[in-house]
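First the structure, in the form of structure tokens, and then the observations on it.
Numbering (full-length UniProt numbering), first residue to last: 1 to 234.
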């Protein structure tokens, strides 16, 4: 029954054949549903572009909810697009809750506990105006408060919006990275008798410029990622 549930998620058009597997009638005149499906060399049913696209949408939704990070999203999407059969697709979706509140397993794992319900919503949908404003505030508050402002927003408003949480966490990581770079330059300045202090000028300019761009980008609904940052928080 678990395999049938997964089949219904990946290929709704052929879900009926999965649930009725092993029980088809051989009597003349029995109705036939679906069409013969090709199998891979490993015996698993092959998949089509529609199933790959659905898997990519599920991965994008998981990323928007903070279940996976950007690096893992890229790896999983690549695996989903290259999937040949349902076993490959299940591997790309491993560990993610089924988008069905009645399902009792997660992709690629077996569990007797009911999987948590995944919030619905269109992946990539434009965030609300209030969420975009809070994301802007998270990025810009880092200029006067460093990591404190973004961290507070992530811990408060971020609990109600995945978009705000992702952007506030990104801003927090960037501010922590900036603070670490300042400390490193300070140490180098002491070693080089102040010569390395000139590095503060381009560092501060880049910090202010990127903070400003990040705020405007998130205000437009984009999921901004800083070109360099040590991402300590997920």
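For glycine and all other residues, C-beta sits at the position ideal for the given N, C-alpha and C. If you're wondering where the values come from, they're calculated on a predicted model, not measured in any experiment.
Nearest-angstrom beta carbon gap, residue 136 and residue 215 [assumed within contact, 8 angstroms]: Position 215 of the chain shown holds residue 215. Position 136 of the chain shown holds residue 136. Contact between residue 215 and residue 136 holds, with the beta-carbon distance rounding to 4 angstroms and staying under 8 angstroms.
Residue 146 in three-state terms, based on DSSP: The residue labelled residue 146 in the question sits at position 146 within the chain shown. Here residue 146 sits in coil by DSSP.
Under the three-state DSSP convention, the category residue 67 falls into: The residue you call residue 67 lines up with position 67 of the chain shown. Of the three classes helix, strand and coil, the one that applies to residue 67 here is coil, per DSSP.
Cross-strand partners of residue 85 (DSSP beta bridge): If you number the chain shown from 1, residue 85 lands on position 85. Paired residue(s): 46.
Best match in 207, 58 and 56 for proximity to residue 147 [C-alpha to C-alpha]: Here residue 147 corresponds to residue number 147 of the chain shown, with the count starting at 1. Per the Cα distances, 207.
Cα-Cα separation, residue 140 to residue 83: Reading the chain shown from its first residue, position 140 is the one you call residue 140. Reading the chain shown from its first residue, position 83 is the one you call residue 83. Straight through space, the alpha carbons of residue 83 and residue 140 are spaced by roughly 41 angstroms.
Alpha carbon of residue 223 to alpha carbon of residue 162, nearest angstrom: In the chain shown, residue 223 corresponds to position 223, counting from 1. In the chain shown, residue 162 corresponds to position 162, counting from 1. Cα-Cα distance, rounded: 11 angstroms.
Distance between residue 168 and residue 182 (C-alpha atoms, nearest Å): Counting from 1 along the chain shown, the entry for residue 182 is found at position 182. Counting from 1 along the chain shown, the entry for residue 168 is found at position 168. So the alpha carbons of these two residues sit roughly 21 angstroms apart.
Beta carbon of residue 230 nearer than 8 angstroms to that of residue 176: The sequence position of residue 230 within the chain shown is 230, counting from 1. The sequence position of residue 176 within the chain shown is 176, counting from 1. Yes, the pair counts as a contact, with Cβ atoms nearer than the cut-off.
Residue 228 versus residue 45: straight-line alpha-carbon distance, rounded: Here the question's residue 228 lines up with position 228 in the chain shown. Here the question's residue 45 lines up with position 45 in the chain shown. Straight-line Cα distance between these residues: approximately 42 angstroms.
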